[in-house]
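First residue of the sequence shown: 1080, per my numbering; consecutive thereafter.
Backbone N, C-alpha and C fix where the C-beta goes; we use that ideal spot for every residue, glycine too.
Since the model is a prediction, treat every value here as computed from it, not as a measurement.
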Amino acid sequence: MMPSRPTKKMKHEPLEGFLKCIGGSSSNNQKQKEDPELPLFDKGTIAHATKNFCNTNKLGEGGFGSVCKDLLRDGQEIAVKRLSENSKQGLNEFKNEVLLIAKLQHRNLVKLLGSCIEGDEKMLIYEFMPNKSLNFFLFDQAQSLSLDWPKRYNIINGIARGLLYLHQDSRQRIIHRDLKAGNILQDSQLNPKISAFGLARSFGENETKEKTKKVVGTYGYMSREYAIDGLYSIKSDVFSFGVLVLEIVSGQRNRGFTHPDHHHNLLGHAWKLYAEGKSVELIAAPIRDNIYLSEVLRSIHIGLLCVQRSPEDRPSMSNVVLMLGGESPLPQPKQPGFFSERDLVEASASSSYQKPCSYDEFTITLMEGR
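What follows is the structure, encoded as structure tokens:
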């Protein structure tokens, strides 16, 4: 038997030093000695694993650059996010992702394994998720058949726990700002892992909300106060989570949802059925015959609580986790924000921000009008 080929020993570098290499730094109130060490891969190892970054290994591409599937010499599968040259947006997201996710450890967050920076090459190395994104399974007629109710409920609970960690249990309070089906990756057992922290922001202990002139996120998942006024908080993420819950239960997208009897979006449709005592009609057809009805109806109820118009009315993620476990009473939900497509367009037209114009599989940026 041939002996296994030895792998190169990875170097470890403090996060502060890595950020300086790419033109950034961590916040001044954090001591360098508190920064975790970030494993460094050499370019040769990554180039060998990706077959020199050939397109056959490519998983996707975005404003930051491309993502490739790779296999290290020891057999470990990885995903490599490679920054495009001359991409200012990508560099900013790259720095932000390093700064935030390098300090996070949770079973429902995609794990950052290390990085590579040599010359103009800047790459982040993540654990590989073999089952792609929730978007791939949920909205494909054939693939959705593999998502029975227990799997869907596990996904809902996993996302909730991951978001609770970001909002409350990590070192710093983190607002994701782009929570959507496409950013929920799945491991071999279809366990969900939140990914894509390029747009995330961290809050201090005494901060509860922020306002921005540059609204980033995804049409169909953004809360009203964020899309219209640029106000974001942990309750913005709660809204996005609520949209996800209703999409997971129904198997339908919020953005672009149509119904022959009305012009509501998915949120408005779910609210209408709830008010009429017909929430069972929201359940995706492939799973209706094999469900725990009380869990499904509870999930719909919680989803509606999360997408309420006023952020003050939405529950915290700690309350959401308790409610999902049946350990907390469910208050009556109020009308959702963005009840219909028309509601969204009219609200956008009355704001100082340009009207959003892309679809929910894309990330958008809304700049303040001059």
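- Between Pro1415 and the set Ile1273, Ala1363, Leu1352, Asn1398, the nearest pair of CA atoms involves Leu1352.
- Two segments are said to touch when three or more pairs of C-beta atoms, one from each, lie closer than 8 angstroms; by this definition the stretch 1153 to 1166 does not touch the stretch 1222 to 1242.
- Beyond the five residues adjoining it in sequence on each side, Leu1213 comes within less than 7 angstroms, by CB distance, of Ile1234, Ala1260, Ile1263, Gln1265, Pro1271 in the same chain, given in chain order.
- Your pair Asp1340 and Val1295 does not check out as a contact, with CB atoms roughly 35 angstroms apart and the cut at 8 angstroms.
- Annotation: Glu1406 is outside any beta strand (DSSP E) and is labelled neither H nor E by DSSP.
- Look at Pro1390 here: in three-state DSSP terms it is helix.
- Excluding its 5 nearest sequence neighbours in each direction, Leu1409 has C-beta neighbours in its own chain below 8 angstroms: Arg1377, His1380, Ile1381, Leu1384, Met1402, listed in chain order.
- Burial is judged here by how many other beta carbons sit within 10 angstroms of a residue's own beta carbon; Glu1304 has at least 16 and is buried.
- Only residues of its own chain outside the window of five on either side were considered, and among them Ser1407 have a CB closer than 8 angstroms to the CB of Asn1398, listed in chain order.
- The beta carbon of Val1324 sits closer than 8 angstroms to those of Ile1235, Ser1378, Ile1379, Ile1381, Gly1382, Cys1385, all from its chain and outside the five residues before and after it, given in chain order.
- Counting the other CB atoms within 10 Å of its CB gives Tyr1298 a total of 16 or more, which places it among the buried residues.
- Within the same chain, Ile1327 come within 6 angstroms of Arg1231 by CB-CB distance, once the 5 residues on both sides are set aside.
- When the beta-carbon positions are compared, Gln1251 and Lys1293 stay at least 9 angstroms from each other.
- Burial state of Asn1369 is exposed, judged by a 10 Å Cβ sphere holding fewer than 16 other Cβ atoms.
- For Gly1347, the enclosing alpha helix (DSSP H) begins and ends at 1345 to 1354.
- Of all C-beta pairs linking the stretch 1191 to 1203 to the stretch 1117 to 1124, three or more are shorter than 8 angstroms, placing the two stretches in contact.
- Leu1372 counts as exposed, since fewer than 16 other C-beta atoms from the protein chains shown sit within 10 angstroms of its C-beta.
- When secondary structure is reduced to three states using DSSP, Ile1362 falls in the coil class, being assigned neither helix nor strand.
- Cβ-Cβ separation between Ile1254 and Asp1316: approximately 6 angstroms, consistent with a contact (criterion under 8 angstroms).
- The alpha carbon of Phe1336 has as its nearest neighbour, out of Leu1361, Lys1314, Ser1312, the alpha carbon of Leu1361.
- Contact check for Ser1302 against Phe1318 passes: the beta carbons are separated by less than 9 angstroms.
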